[in-house]
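In the order they appear, the protein sequences are chains A and B. Take the position in the first sequence, starting the count at 1, then add 3; the result is the number in our numbering. Take the position in the second sequence, starting the count at 1, then add 3; the result is the number in our numbering.
Protein chains: 2
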Amino acid sequence: MAVVTIEAGAPCATLINTFTTTPENQQHILDILLEATEKHIAQLPGFICANFHKTSDGTRIVNYAQWKTKQDHLNMLSDPVAARHISELRQLAAVDAHIYEVVRTFAAT
Amino acid sequence: MAVVTIEAGAPCATLINTFTTTPENQQHILDILLEATEKHIAQLPGFICANFHKTSDGTRIVNYAQWKTKQDHLNMLSDPVAARHISELRQLAAVDAHIYEVVRTFAAT
Chain A
4 MAVVTIEAGA PCATLINTFT TTPENQQHIL DILLEATEKH IAQLPGFICA NFHKTSDGTR
64 IVNYAQWKTK QDHLNMLSDP VAARHISELR QLAAVDAHIY EVVRTFAAT
Chain B
4 MAVVTIEAGA PCATLINTFT TTPENQQHIL DILLEATEKH IAQLPGFICA NFHKTSDGTR
64 IVNYAQWKTK QDHLNMLSDP VAARHISELR QLAAVDAHIY EVVRTFAAT
């Protein structure tokens, strides 16, 4: 379980990374992502959290992640071990990653 | 500010809704989304939270939302007021909405 603080104007970079794939590959991609995050990426400087989601039709995975700064995320992308995982994932899925800022949040009252 | 609980196997439906648009329309779309959520959608049954994000290049907005059940989300889609907002948004952006389940979460230690 993770309790994620999502806050408008928060000084962090939100990465939303969507992997579009086939049902045959969804679990394999998740295995790569979970292992890479647990063993390596979560220990990199600036890592706050990563949260992996899947659709029941097998075609999508989303990582909702937070890094302290955009630069920390860029540094992860050029880390040799992470870059190898990313290259492997690009063979299995269309990868669509963007950095966002939080505009506003609503919670049920 | 919102503190969002993201939990593997949690009994809620995660909606990740991506709006792809042009820089000229990004703020207008956000205005529609924020007003509709504040005045109407956040009061619908099963609403847990909505969290709006934007990219700095002006081309994307993401709503990371939680509903108690998939059916609550479906009920929102067929609510007449919400449906009117969705129809308006589809004139301004490509809307790509999917329901996810949380697989696993990682937080910095």
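Glycine included, C-beta positions come from ideal geometry on N, C-alpha and C.
Practice item. At 7 Å on the CB atoms, spell out the chain A contacts of B:L37, in chain order. Key: R107
Practice item. Indicate whether at least one CB of chain B lies closer than 8 Å to the CB of A:E41. Key: yes
Point to revise | Counted within 10 angstroms of its Cβ, other Cβ atoms place B:R87 as buried (16 or more) or exposed | key: Result: exposed.
Exercise for review: Go ahead and label A:A68 buried or exposed: buried means 16 or more other beta carbons lie within 10 angstroms of its beta carbon, across all protein chains shown.
Suggested key: buried
Point to revise | When A:Q30, A:I19, A:T40 and A:L92 are compared against A:D60, the one with the closest alpha-carbon | key: A:Q30
Review point. If we count the other Cβ atoms within 10 Å of its Cβ and call it buried at 16 or more, is A:V115 buried or exposed?
Key: With chain A covering only 4 through 112, there is no way to say anything about residue 115 of chain A.
Exercise for review: Report yes or no: do the region 37 to 52 of chain B and the region 88 to 102 of chain A share at least 3 C-beta pairs separated by less than 8 Å?
Suggested key: no
**Study point:** Distance CB(A:R107)-CB(B:H101) smaller than 8 Å
**Key:** no
Check your understanding: Considering only the beta carbon of each residue, do B:N28 and A:V105 sit closer than 8 Å?
Key -> Taking 8 Å as the Cβ cut-off, B:N28 and A:V105 do not qualify as a contacting pair.
Exercise for review: Take B:T58 as the anchor and find which of A:N20, A:A111 and A:T25 has the nearest alpha-carbon.
Suggested key: A:N20
Check your understanding: Do you know offhand how far A:L18's Cα is from A:I9's?
Key -> 12 Å
**Study point:** Best match in A:C52, A:D99 and A:K73 for proximity to B:A111 [C-alpha to C-alpha]
**Key:** When each option's Cα is compared against that of B:A111, the closest is A:C52.
Check your understanding: Thinking C-beta only, is A:V65 closer than 8 Å to B:V7?
Key -> no
Check your understanding: Under a three-way DSSP split, which group does A:Q69 fall into?
Key -> strand
Point to revise | Residues of its chain near A:A11, where Cβ-Cβ distance is below 8 Å and the 5 sequence neighbours each way are ignored | key: V105, V106, R107 and T108
**Study point:** Close-in-space but distant-in-sequence residues of the same chain around A:M79 (CB under 6 Å, 5 per side omitted)
**Key:** L47 and A85
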